[in-house]
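For the record, in the sequence shown the residue sitting at position 467 is 467 according to full-length UniProt numbering, with numbers rising by one throughout. Heads up, the beta-carbon is just placed ideally off N, CA and C, and yes, glycines get one too. First up is the structure itself, then whatever we jot down about it.
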Amino acid sequence: MAPGSGIRAPVPRTRTGCLTCRKAKVKCGEERPTCKRCQRLQLGCDWSEAPARALISVVRRPRESSHRSATIPSSGPLQPPFVVEFPNADRASLPYINHFITFCSRFLAYANDGEANPFQQELVPLASSSPALLHSMIALAAGHMARGEPRHGIPAVRHYSAALRELNLVLSDPNQLASNSTLGACLMLCVYEISHSDKSLWLEHLQGARDLIMHRGGPRTSDFLSRFFSLLDISGSLSSGRAPLIAGNYWLEARNSTHNQLKWPYYDNGAIMVGAFHELMVSMSCLSSLSAESMTEFGKQNPHLIYDRAMAIRQQLDRWWDSQPPELRDQSNDWRTLPRKKPLEESELLEQESFSSLRSCKSACTIYLQHIINPTGIQPPGSEVAVAAESILAIARKTPEGYGLEMGLLWGIFMAGVVIFDDTEAETLIRRKLRSDASISIYHADRGLELLEILWERQHRLKVKLDWREIQNEMGIQVFILA
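Here you go:
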């Protein structure tokens, strides 16, 4: 089944006739300007539009209960669809609700995650009773559509403003602070700012989500919203040059965990990709914290301490990589064209694409670490960092365009752009990949590319290597690039 095809389009239950008859639930003769029934009963015949009641059917797939160390679980049969009704959604909002369910939810955390992901299964139903969440979902969907069709920009801003108003009302109610709908609304507004706005307000929303999580007693590994928050937090900390908002490796599953674990994304058989990436996030968190410290006066006055900590992180990275299974560590960039007894199924293709993204992310960590130690050093050909950059670009060249797969490569490509020096051919490739069609993914790297263009122009003009973090500070922005 193609990603997203398990979601039925919303079906508005609308009826013809005047609003007076429809409220009375009786048949209307539809005579205008006054129908015969209203004329006979001397009632006001109201032909204004009533809000459409959107009913959306979502296919529910049973949860996986097997531990990640167990054999690969079966998807299991589909259960009957459940219906989500949005009594306060007007008719104009229906396309946006549909777009959020059938598209946006598939790209919030993982590319093409189209079968029963928790945003579809758990978050969407909450929006029927949460105006803040509903407006934030609609704003995100309209904002994404506006990147291809600007006419959707006005509804996006209108629903974004409505979501802010509703969220402020909810935050004044202590009983609502710990709800998933409140946290979900805050995170959707964060993604809206990342995907649609050229401002840095995403960080304010992420900080708000952090406060809500701490109010709930701290992040929970089993909570999909906490897991989503960790992805946004670590990604944002790496690209904006700050430490993570919540300390600790709270996204890691306890090895003796007994709670039911969500198979997410659906194509990650055996949780190989998620398990490996969550372990890599430990090093990524350390790198972002070290980068932030290296930019302080203390860090600049104590480069030997920064170096020692960087080497400890490097050893941690090496141990992690050596422990990964061969299907990840030894994946060829030509895996798409290798001869096989039978073609890969869709889930197998997406799993392999996720492995390529993970290898790119690992190489980006190598570049990031070296940049902390020596941010203005030109890397000679054949050096570890130069090899890492070429590995990222080789993966990018082989990755098909037009399927949303670029979202897993954005941070790696950005870091390759940071390390290259006076290489116009590489700049052209990076520019094309970071300018990929935003209509096929939620996330983009517009601000990151803007930063790289300034970096490259200055380096060409001055003939010296510059620190991208210093340029970001000069620009007064907080770049977000999904890792």
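Query	Result
Neighbourhood of glutamine 352 by C-beta, 6 Å cutoff - its chain only, sequence neighbours within 5 removed	Trp335
Histidine 167 versus Ala386, Ser179, Cys186 and Ala156, residue with shortest Cα-Cα distance	Per the sequence presented here, residue 167 reads as leucine, with histidine not at that position. Looking at the Cα atoms, Cys186 is the closest of the given residues.
Supposed contact pair serine 439 and arginine 37 - C-beta distance, whole angstroms, cut 8 Å	Going by Cβ atoms, the distance from arginine 37 to serine 439 rounds to 47 Å, so no, they are not a contact pair.
Nearest-angstrom Cβ-Cβ length linking leucine 482 and tryptophan 468, presumed shorter than 8 Å	At roughly 17 Å, the Cβ-Cβ gap does not stay under 8 Å, so leucine 482 and tryptophan 468 are not in contact.
Isoleucine 138 to serine 436 span [Cα, whole Å]	24 Å
For leucine 344, three-class secondary structure by DSSP	coil
Alpha-carbon spacing of glycine 17 relative to serine 239, whole angstroms	55 Å
Check: methionine 284 C-beta below 7 Å from any heavy atom of the ligand MN	What this structure holds is no ligand at all, so the ligand MN is not there to describe.
Ranges of the alpha helix (DSSP H) found wholly within the segment 427-468, counting only runs of at least 4	446-462
Alpha helix (DSSP H) runs wholly inside the segment 353-439, at least 4 long, in chain order	384-398, 410-419 and 424-434
Residue from Ser356, Gln315, Gln301 and Gln316 with nearest C-alpha to leucine 328	Ser356
Assigned secondary structure, tryptophan 47 (DSSP; H/G/I helix, E/B strand, else coil)	coil
Local Cβ density within 10 Å of serine 129, reported as buried at 16 or more and exposed below that	exposed
C-alpha gap between lysine 362 and alanine 416, whole angstroms	12 Å
Proximity of glutamine 120 and isoleucine 97 at Cβ, strictly below 8 Å	no
Distance, tyrosine 160 Cα to arginine 22 Cα	31 Å
Residue 487 - containing alpha helix (DSSP H), residue span	The chain is shown only over 1 to 483; residue 487 falls outside these bounds and no answer can be derived.
Where proline 131 sits in the DSSP three-state scheme	helix
Where valine 170 falls: helix, strand or coil (DSSP)	helix
Aspartate 423 and histidine 460 closer than 8 Å at C-beta	no
Rounded straight-line distance, which links the Cα of threonine 399 to that of isoleucine 477	30 Å
8 Å Cβ cutoff, leucine 305 in contact with chain C	In the structure shown, chain C cannot be found, because there is only a single protein chain.
Collapsed DSSP secondary structure at serine 161 in the structure displayed	helix
Exposure label - isoleucine 154; buried when at least 16 CB within 10 Å	exposed
Expected contact under 8 Å - CB spacing of leucine 245 and glutamine 207 to nearest Å	6 Å
Residue burial classification, aspartate 233 (beta-carbon count within 10 angstroms, cutoff 16)	buried
Segment contact, 8 Å Cβ cut-off, at least three pairs: the segment 263-281 with the segment 315-329	yes
From Gly412, Leu317 and Leu349, residue whose alpha carbon lies closest to that of serine 360	Gly412
Nearest neighbour of glycine 218, chosen from Glu204, Asn249, Trp202 and Arg242 [CA to CA]	Asn249
CB of phenylalanine 480 within 8 Å of CB of serine 235, strictly	yes
Inter-stretch contact at 8 Å, needing at least 3 Cβ pairs: the segment 83-96 / the segment 428-435	no
Leucine 126 to leucine 189 span [Cα, whole Å]	16 Å
Nearest-angstrom Cα separation, counted from aspartate 173 out to residue 491	Since the first residue shown for the chain is 1 and the last is 483, residue 491 is missing from the structure and cannot be characterised.
Simplified DSSP assignment, three categories, for tryptophan 251	coil
Sub-8 Å separation of leucine 162 and arginine 242 beta-carbons	The sequence given here has alanine at residue 162, not leucine. Cβ atoms of alanine 162 and arginine 242: not closer than 8 Å.
Member of His152, His135, Ser136 and Leu134 whose CA lies at the smallest distance from the CA of alanine 142	His152
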